[in-house]
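In numbering that gives the first Met the number 0, the protein residues as written are 0 to 150. To start, the structure itself, in structure tokens.
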Amino acid sequence: MYEYSIFCIKESVAKNYFYKSGILYRFIKEYQNNQNRKDLKLQYDYVTNRFSKNALISHIDNSCRKHQISIQREKAHIQLYKNQKLISLHISEKHLKFRCESLEDAEEFLFPMLRQFQPILFIIGNNIENYGWMSRMPYSGNYYSEQVLYS
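Right under this line is the structure:
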């Protein structure tokens, strides 16, 4: 089984690091390996938003009912079942951790729920070197439609 962590990144940080995801990945890994470092903790708190457990659980419950996904819940731990596929999700204050057989399973029925709840999410593999944004960067309105990028 693969294990991944999902982080809610602040919009201002996401705008600056959307195309620099390797830097964000290395920073989060460094923080995970050195959580006792105060400087990393301050930076981590600046970069990430909190997950509202109650709001997220309510959103997942509603989405599961709509899409015929079976759910078992115990406090901040949720198990989702669909078509003999299982995703185990744990909700922490600053990140989500989930396990699945394949990322395709998560893309099928976990990620759509999370994208509706929060559009700016960054995912990293905990037991494999895999990382990236779960969605495209939302249009910020800072660019004109007539602008063209030349290479």
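A virtual CB, placed ideally from N, CA and C, is assigned to each residue, including glycine.
request  = Mind reading off the beta-carbon distance from LEU95 to ILE5? Whole number of angstroms is fine, and I expect it under 8 Å.
outcome  = Here residue 95 refers to the residue found at position 96 when the sequence shown is read from its first residue. Here residue 5 refers to the residue found at position 6 when the sequence shown is read from its first residue. Right, the Cβ-Cβ distance comes to about 4 Å (below 8 Å), so this counts as a contact.
query = When the Cα atoms are used, what is the spatial distance from GLN42 to HIS66?
reply = Position 43 of the sequence shown, counted from the start, is the residue given in the question as residue 42. Position 67 of the sequence shown, counted from the start, is the residue given in the question as residue 66. Near 38 Å, if we compare the C-alpha coordinates of HIS66 and GLN42.
Buried versus exposed call for SER91 [16 or more other C-beta atoms within 10 Å across all chains shown] = The count along the sequence shown starts at 1 and reaches residue 91 at position 92. With fewer than 16 Cβ atoms within 10 Å of its Cβ, SER91 is classed as exposed.
query = Does the beta-carbon of GLN117 have 16 or more other beta-carbons within 10 angstroms, so that it is buried, or is it exposed?
reply = Counting from one through the sequence shown, the residue named residue 117 turns up at place 118. Looking at its Cβ environment, which holds 16 or more other Cβ atoms inside 10 Å, GLN117 is buried.
key: Residue(s) in a DSSP beta bridge with ARG98   = By one-based count along the sequence shown, residue 98 stands at place 99. Partner(s): GLU2 and SER87.
task = Counting only runs of 4+ residues fully inside the stretch 108 to 142, write out the alpha helix (DSSP H) ranges in chain order.
result = For the stretch 108 to 142, whole alpha helix (DSSP H) runs of length 4 or above, ordered along the chain, are 110 to 116.
query = For MET0, does the count of other Cβ atoms within 10 angstroms reach 16, so buried, or fall short, so exposed?
reply = Looking up residue 0 in the sequence shown gives position 1. Under this definition MET0 is an exposed residue.
task = Would you kindly work out how many angstroms separate the C-alpha atoms of MET133 and ARG114, rounded to a whole number?
result = Here residue 133 refers to the residue found at position 134 of the sequence shown. Here residue 114 refers to the residue found at position 115 of the sequence shown. Approximately 8 Å, taken between the alpha carbons.
inquiry  = So, at 6 Å on beta carbons, what are the nonlocal neighbours of ARG98 in its own chain, with the 5 sequence-adjacent residues on each side left out?
reply    = Here residue 98 is taken as the residue at index 99 of the sequence shown, counted from 1. Cβ within range, chain order: MET0, GLU2 and SER87.
query = GLN71 by DSSP, collapsed to three states: which one?
reply = Start at 1 with the first residue of the sequence shown, and residue 71 comes out as number 72. DSSP places GLN71 in strand when its eight states are reduced to three.
query = When the distance is taken between beta carbons, is ILE68 closer than 8 Å to LYS52?
reply = Within the sequence shown, residue 52 is the residue found at index 53, counting from 1. Within the sequence shown, residue 68 is the residue found at index 69, counting from 1. No.
request  = Look up TYR45 in the DSSP assignment and say whether it is helix, strand or coil.
outcome  = Stepping through the sequence shown from its first residue, residue 45 is reached at position 46. Helix at TYR45.
query = From GLN146 to ILE77, what distance separates their C-alpha atoms?
reply = Reading the sequence shown from its first residue, position 147 is the one you call residue 146. Reading the sequence shown from its first residue, position 78 is the one you call residue 77. With a pLDDT of only 47 at GLN146, under the threshold of 50, the placement of this residue in the model should not be trusted; the figure read from the coordinates follows. One alpha carbon belongs to GLN146, the other to ILE77, and they sit about 45 Å apart.
key: Backbone secondary structure at SER144 - three-state DSSP   = As a first step, residue 144 is located in the sequence shown; it is residue number 145 there, counting from the start. The predicted position of SER144 is uncertain, since its pLDDT is 44 and thus under 50; a value taken from the coordinates is nonetheless stated next. When secondary structure is reduced to three states using DSSP, SER144 falls in the coil class, being assigned neither helix nor strand.
query = Which same chain residues, not among the five before or five after GLU10, have their C-beta less than 7 Å away from its C-beta?
reply = As a position in the sequence shown, residue 10 is number 11, starting the count at 1. Cβ neighbours of GLU10 beyond the five flanking positions: ILE119.
request  = Use the C-beta contact count for ILE123: other C-beta atoms within 10 angstroms, 16 or more gives buried, fewer gives exposed.
outcome  = Counting from 1 along the sequence shown, the entry for residue 123 is found at position 124. Buried: at least 16 other Cβ atoms inside 10 Å.
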